[in-house]
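Notes to accompany the following structure.
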Amino acid sequence: MTTVPYNPDYGRPARPTYLSIAYRVSSWLLTRDHKRIAILYMIAITLFFTVGGVAATIMRLSLMTPDGRLTLPETYNRLFTIHGVIMVWFFLIPSIPAVLGNFLVPLMIGARDMAFPRLNLASWYLFVFGGCFTISALVLGGVDTGWTFYTPFSSSFSNTHVVLTVAGIFIAGFSSILTGLNIIITVNKLRAPGMTWGRLPLFIWSNYATAVILVLATPVLAMTLALLCIDRVFHVGIFDPAKGGDPLLFQHLFWFYSHPAVYIMILPAMGVVSELIPCFSRHRVFGYYFVAGSSIAIAIVGFLVWGHHMFVAGMSVYGGMVFSFLSFLVAVPSAIKVFNWTATLYRGSISLKTPMLYALGFIGLFVMGGVTGLFLAAIAVDVHVTDTYFVVAHFHYIMVGGSVMAYLGGIHFWWPKITGKLYPEWAGRIAAGIIFLGFNLTFFPQYVLGYLGMPRRYHAYPEEFHFLNVLSTAGASILAVGYVLPLFYLLWSLRYGPDAGPNPWKAMGLEWTTSSPPPPQNFERTPIIREEAYAYDRMTPQGSDNTPIIPLPAAAGGARESGRPGSRPESSEWSDQ
Amino acid sequence: MSHLTVFEHDELPAEQFEDVEQQRETSSLGMWMFLSTEVLFFGVLFTSFFVYRTRWPEAFAQGAKELKWWLGATNTAVLLGSSFCMAMAVHAASEADDRTIVRWLWFTVVLGTLFLLIKGTEYAIEWHEHLVPHFRWSPVAPGAGEPRDPQLPLFMTFYFVMTMFHALHMVIGLGVLLVVIVLARRRHFTREYHHPVEVVGLYWHFVDTVWVFLFPVLYLLRH
Amino acid sequence: MSHPTPRIYRNVFAALMGLLVLTVAAAFLPFDRVLPTPHAAVWARRITISIALTIAVVKGLLILLYFMHVRYAPRATWAVAGAGFLWLAIMLALTLADYLTRNHPGIPNNRGEPRYLLR
Amino acid sequence: MAGSANPFRLLPDSASGIAPRVDALTGFLLLATGLVTLIVLVLIVTFVLKYRRRSEDEVPPATVSRVSLEIAWSAIPLGIFMLMFYWGAALYVDLRRPARGAMEINVTAKQWMWKLQHPGGQREINELHVPVGRPVKLVMISQDVIHSFFVPAFRIKQDVLPGSYTMQWFTATRAGEYHLFCAEYCGTMHSRMIGRVVAMEPAAYQAWLAGVTPDEPPAVSGARLFASLGCAQCHGQNGPTLAGVYGSTVALSDGSSVLADENYVRESIVNAPAKIVAGFPPVMPSYRGQLTDEQVEQLVAYVKSLGAAASPSATRPSPDAAVPVTRPVGAQPPDHRPDFPPARNATDYDRPAGSQPHP
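Residue numbers (my numbering), protein chains in the order written: chain A, 246 to 822; chain B, 10 to 232; chain C, 1251 to 1369; chain D, 228 to 586.
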């Protein structure tokens, strides 16, 4: 006699999920559900990624010839500026915190929603409103100052749409502050009972550290850009040396934000990898407290090191040494993380599904990107390689090789939870392979170009750099193909993909204990957590019929003990929203 | 939870909170996070001010002498007074005594407006004395006064940027205070549920703290 | 007690007013004429700025602790309030570290000669 | 560009004294980080192959987190990083401390061209001829935006700021023609703002120097300007004497002491009230806006030619601010420092020739 496994939903009408609860456009544009806001963000940043990617492709094509015949110098300058601005502020910074973070933070800590859902929606509208400013600046003629807006070029000499672009970034900055504020308050205040700080998944730890940076660094950028606009419009000489100002002050204030900003881009990626590695090696993370602690350490020490962008800019010798010393300190937590991931793989049962391919690709590329950071921290080498393609290769290895790979890995890993559908595994693996190959072919030659001395932001270059640039352009075309593939098969899976059960990867974590896609209020009953974050070693062998391999936390049945007076009575039926 | 009207008072906290106490703590922590961003927002101005003060000490000392310290002092007193009234309003809110809440809030708004008026007259005096860089500036004090330091426009730029950003925050604060007065008049607050008044109080006290630092840095560093 | 009483508010307000008068008075002390050292102007500048800033910090703390109830708030509020000002201190310290050591004659080497580093 | 045609080279030419030392540090960094990267990649590949998942229900043994291992792989990298920091910083100090008697060349960066002037007055556009083996110090200023003087073969780079002089120095060791790039984005033709640095044997350099019709040396035109502007009235008698001031340490009226380099002289001319010498009333008018950068450079050259201290470190730091310190080189040091041997000539304080750290 076949035993029918107990199915809590047997006999009840299919529960509506956060997708099937309402279909009107206003239910999407006026939603306060963190899951829908995450999807709105995903759509917005995919569009911005396309714009930035097109700009990058044209740049690479123009660099195929030493004299850059494809584009005029003015066009090339506008291309690399808009590529930088869009990719940094409108793709990388919101990519993981706003998409995966918004979707997963409440799910992973057992909350119903973010602490301030209305602010969360306002954050998306600010993001799109800021994006409109920047895209309108691009359409009206672009801006040619580089994404760093160095004065006095941006404040007195550039006659392009600087103020319009800067206004767009100023507004998008508030969107970042609101996202960061939401994540911090949610993790502080809305954790399910039993979810102590030591049991938080590492994705939450890294998004918490990122949120701290988002909240504490972005206002400095907002005011710095405001001062730039005041100086540009009224010529009062805040940064204009002819009137007593100092261009270096702008660089100090800009990099005080922009270096922590690169940690905003990489920390959530580390969080995603800290989730993927344990799941696909079925191992508890090696040294949980050290990996969590290193996220916080990166967030704090990251604020002390901005001077290494200005070693040759005219800073004093002693100032340079102070920043060089601190820059070497900030490299230690990243090293700890990489060693801990590698140790997690030891004696695990590793399955190379697509998310794991992206995670392993991340470790490889992040290590190569990170160690070249040491070259840039040693001042004597930095004098030679700063402002060359060595720096371009360094930050692309970390941002594209690290952050974008981890973002794609996270999208593939949580796609069943977000959409309830499984994507075709073979297509995912091919795309991951193409991206890894194309990426290395694009950016490794740029390390050599950089040490040979080819400066960055050059529209035309001497003849001897020609071969390596052609190699890099070839790699860029492969990378472009690699990025387009996931778009197709993921959208295809929406319609034709098989239904994914609550836990297709047999992963640990609160988000896998609820149905996929989850109901509007995330959990039928607020779960109670009784064990550590990655209890893979307590998994029980399970039948093959896809029933959840892990014992459901007692939440499924347990009532809440600690109901405080005036607290919400347990609402068994969900509320329409 | 479909709120029928925006201000409909209900015992239940917003649907994502366990209970009212948690919602109160969360909203004040949220406001404190926002105030930290404001600290850094003004911090950039203070950092730039001190950097340029180390480069041009004489110009910044002469600038401090140009400003009317007694106007600044009265403004500080006015703002401290309004902060005191705000604190009394928050205390009254915790006792759910609607009439006194409205009375103290009105005092706060009046003192806040007085601050802006005094600031306005100060700007008018500076406009009259040709001290506004880029718009109306003369290298020599009007009426055959002694020549001004070539770097004085830089000091005046920081004076105007810092005080105008502060005034902007004052105006926002006054607007929110008026909303809270409307709420209080409709007996919206109870002994448990009065955290909107507290949150606005936090914001108002912070704006006062910014001025507490702005006043000595701009007006009193006369050497 | 979880909340300060009106009496505490009145005392704090009086203290703030007193400190206001104190800081204005301190700004007019003639340090540059009184100090014995030949560089009176510089020391006067340093003393007035330190007095003005300490009094401002004391006033700010009074407002923070009593008017904004930080003294009676949970530890999380202390951390958040402290973080803002700590990060401001980081920005000030490291930026001025660069500006104050520019054109510095340099740490003398073992024979007492300054190193004369370029900028 | 000699030897640069072949596209498969990995290292640029090494043609300055500092270049081999920078390449040595880069080599060490490459070795250390390459080793660690290799170890991590090999470990990952072996783990993935050795412990691949056999069956869907396989539950591997639990990981045991060992704190000792954690401490090890954070302390050891920290130690290696400190070594890298020290090596980089030490090399940086040598990069920023010019050798004695360097030949000073005025560089002016303008939007999308380099203008250079030799001490003898010869002017060059986008080209710099330097003798091999002789230290060359570049005194650079920009007339509009921030540029950056970058010669890959010499491993030197320094941003050129519009408001004040920035300086860098090098010693060419191999004759040849090398690239000169502008490394800081400066506008539309940023990629056209390039040139070449020609290092020549001293004999060939002298021949080239003779062949160029020199302009009036900056010091001479500076002297003419000095007289015409009436600077001599103050700086002749009661004002601070300018003989031997360049390169010495000047005590200012606010008690701090500053090295009298080009920036100090420029600052005193353009923003006069900024740095007043101790013991003198602040009466010097500010010439900002009245002098072009060219004229300021000539005045600076003139001040330098007034019996400049043989080397920046020739005169000792001023022991007491009350006594005006601007005295000619070699003058008797104040007697209350008996332990310090009196300097009879400028080179007394130079390091013995042998120990000269040949950069």
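Quick reminder that beta carbons are idealized off the backbone N, C-alpha and C, glycines included.
The beta carbon of Met515 (chain A) does not come within 8 Å of any beta carbon belonging to chain C, so the residue lies off that interface. Taking C-beta separations shorter than 8 Å and ignoring five residues to either side along the sequence, the partners of Ala576 (chain A) in its chain run Gly615, Gly618, Leu619, Ala622, following chain order.
Leaving aside the five residues that flank Phe335 (chain A) on each side, the residues in its chain whose CB is nearer than 6 Å to its CB run, in chain order, Phe293, Gly376. Close CB contacts of Ala412 (chain A) within its chain, under the 6 Å cut and outside five residues either way in sequence, are with Phe378 (chain order). Cβ-Cβ distances below 8 Å link His417 (chain D) to Trp339, Cys409 in the same chain, with the five nearest sequence neighbours on each side left out; the list follows chain order.
With respect to the 8 Å criterion, Tyr642 (chain A) and Gly298 (chain A) are not classified as neighbours on the basis of their beta carbons. In this chain, Met173 (chain B) is not harboured by any beta strand (DSSP E); it is covered by the alpha helix (DSSP H) spanning 161 to 194. When rounded, the separation of the alpha-carbon atoms in Met468 (chain A) and Ile509 (chain A) is 19 Å. Check the Cα spacing between Gly315 (chain D) and each of A:Phe556, A:Phe607, A:Gly425: the tightest is with A:Phe556.
Assigned with DSSP and collapsed to three states, Cys409 (chain D) falls in strand.
For Ile430 (chain A) and Trp41 (chain B), the gap between their C-alpha atoms comes out near 11 Å.
Under the 10 Å beta carbon count, Lys277 (chain D) is surrounded by fewer than 16 other beta carbons and is classified as exposed. In the displayed model, Ala382 (chain A) falls within a helix according to three-state DSSP.
Thr393, Met394, Gln395, Trp396: these are the residues of the segment 387 to 418 of chain D whose beta carbon lies less than 8 Å from some beta carbon of chain C, given in chain order. Between Ala251 (chain D) and Phe381 (chain D), the C-beta gap is not smaller than 8 Å, which leaves the two residues out of contact. In the DSSP assignment, no residue is bridged to Met304 (chain A). Within chain A, the residues Val481 have their CB atoms less than 7 Å from the CB of Pro142 (chain B), given in chain order. Residue state for Ser292 (chain D) is assigned as coil, using DSSP reduced to three classes. Neighbourhood of Leu1338 (chain C) in chain B, by CB distance below 7 Å: Val48, Leu49, Gly52, in chain order.
A Cβ-Cβ contact shorter than 8 Å links Glu297 (chain D) with Phe535 (chain A). Residues are counted here when their Cβ sits less than 9 Å from a Cβ of chain D; for the segment 569 to 593 of chain A these are Ser569, Phe570, Ser572, Phe573, Leu574, Ala576, Val577, Pro578, Ala580, Ile581, Val583, Phe584, Asn585, Trp586, Thr587, Ala588, Thr589, Leu590, Tyr591, Arg592, Gly593, given in chain order.
Residues of the segment 308 to 332 of chain D with a C-beta less than 8 Å from any C-beta of chain C: Val320, Arg323, Arg324, Pro325, listed in chain order. Residue range 422 to 427 is occupied by the beta strand (DSSP E) that includes Arg423 (chain D). In terms of beta-carbon proximity, Arg1352 (chain C) lines the interface with chain A, with at least one pair separated by less than 8 Å.
Residues of chain A whose Cβ lies closer than 8 Å to the Cβ of Lys384 (chain D) are, in chain order, Val557, Val628, His629, Thr631, Asp632. The continuous stretches of alpha helix (DSSP H) do not include His356 (chain D), which lies in the beta strand (DSSP E) extending over residues 354 to 358. In the three-state reduction of the DSSP assignment, Val387 (chain D) falls in the strand class. Going by C-alpha positions, Lys666 (chain A) is about 18 Å away from Asn767 (chain A). Ranked by Cα distance from Phe419 (chain A), the options A:Asn365, A:Leu472, A:Gly391 are led by A:Asn365.
In this structure, Thr424 (chain A) keeps its C-beta atom at 8 Å or more from the C-beta atom of Ala514 (chain A). Under the 8 Å Cβ criterion, the segment 53 to 63 of chain B counts as touching the segment 1338 to 1357 of chain C, having at least three qualifying pairs. By the CB criterion at 8 Å, Val363 (chain D) and Val357 (chain D) fall inside the cutoff. In chain order, Asn427 place their CB closer than 6 Å to the CB of Phe361 (chain A), counting only its own chain and leaving out the 5 sequence neighbours on each side.
Proximity of Val209 (chain B) to chain A, defined by a Cβ-Cβ separation below 8 Å, is not satisfied. Using a 10 angstroms sphere on the CB of Thr519 (chain D), the tally of other CB atoms stays under 16, which defines it as exposed.
A residue is called buried once 16 or more other Cβ atoms fall within 10 Å of its Cβ, and Leu310 (chain D), having fewer, is exposed.
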